[in-house]
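Using our numbering, you'd call the opening residue of the sequence shown number 2 and step up by one each time.
In what follows, a single structure is set out as structure tokens and then discussed.
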Amino acid sequence: FIDYAGSTVVHLTGGMLALMGAIVIGPRIGKFVGKKKMARSFFGHSIPLSVIGAWLLVFGWFGCNIGSSTAADPQTINVELSWVSVTTAMAMAGGLFGAALTSRGHVLTSMVGLLAGAVAICSGAALMSPFFAFLTGDIAGTITTFTVGFLENVLKVDDALACFPVHGACGIWGALATGLFGAKALGGHPIYGLETADWLNQIGVQAIGILAIIVFVAIAGFALFWVLNKFNLLRVLKDAELYGLDISMHKTYAYPEDMIEEAF
């Protein structure tokens, strides 16, 4: 099982935990309306801050992926560091492109796609060519867009920050893409040892690893959240949710317009 920088052991684990938490806690008040429980859009507080946050994550991601090469062969480590940097950048670009294309240029969705590409490449960052890294990211960006809609409109799950679409679904895809697109030799150096001819067997191994993580995390996560929810330790009170967590938890307003409304 190959997971170079954590598409599954880090991101799929977190994505599954987020999904279990969202299922147990339930949707935000007013998220689903009417007899058919149609999903309403809850807009973020600041698109510029969201964009800045996404790009801060991008810079940090290079450190995460490159840092995973600390156990590399000293004779090939320079090649590996360079290669991982390139494939990480290409996957992010692919994710941004895929999400922007499927959402028709929606800014926040495009930023989500950027992170989706970063998640997907973690598993095979040292194994893919730049072209396949871009393709992996591109597909990840598309997967994220459609998974968000599937969770809301079909499963009626309120995943407020798209944690499962980005980290869960794209973590799965990234691990499978490693078996599909990985190659043994990169830049003339045998870096990780995946034979191209064994891609089908490798996909099977990747699938078994993915399934093991999903089952373990889903059971453990659901049980944990269920117990916490029984003791009312997960969700704020209804009045606090309706009034806003800025004032109910932090005793202050985050935005001037809230204070103006309160005054009148």
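For each residue, glycine too, the CB sits at the ideal point set by N, CA and C.
- In its chain, beyond the 5 residues on either side, Pro131, Ala134, Phe135 have a beta carbon closer than 6 Å to the beta carbon of Met91.
- Remark: C-beta atoms of Thr145 and Cys171 approach each other more closely than 8 Å.
- Under the DSSP assignment, Val25 falls in the alpha helix (DSSP H) whose first and last residues are 14-26.
- Judged by DSSP in its simplified three-state form, Phe165 adopts helix.
- For Gly7, the number of other beta carbons within 10 angstroms of its own is at least 16, and it is reported as buried.
- In this structure, Leu13 sits near Gly169, with a CB-CB distance shorter than 8 Å.
- According to the DSSP assignment, Asn233 belongs to no alpha helix (DSSP H), since it is labelled neither H nor E.
- Within a 10 Å sphere around the beta-carbon of Ser111 sit 16 or more other beta-carbons, which makes this residue buried.
- Under the three-pair Cβ rule at 8 Å, the region 8-28 counts as touching the region 227-245.
- Per the DSSP secondary-structure output, Met39 pairs in a beta bridge with Val34.
- Secondary structure of Ala119 (DSSP, three-state): helix.
- Taking 8 Å as the cut-off, the beta carbon of Val167 is found closer than this to the beta carbon of Val120.
- With a threshold of 16 other beta carbon atoms within 10 Å, Met129 meets it and is buried.
- Out of Phe226, Leu109, Thr137, Thr179, the CA that lies nearest to the CA of Ser42 is found in Leu109.
- Distance from Ile67 to Val85 at the Cβ level is roughly 5 Å; contact confirmed, criterion being Cβ atoms closer than 8 Å.
- With a 10 Å radius around the Cβ and a threshold of 16 neighbouring Cβ atoms, Tyr244 comes out exposed.
- Put simply, of Phe147, Gly125, Phe151, Ala221 the residue whose alpha carbon is nearest the alpha carbon of Ala184 is Gly125.
- Its Cα nearest to that of His107, the residue Ile48 stands out among Asn79, His251, Ile48.
- Relative to the Cα of Asp160, the nearest Cα in the group Val10, Gly35, Ala40, Thr9 belongs to Ala40.
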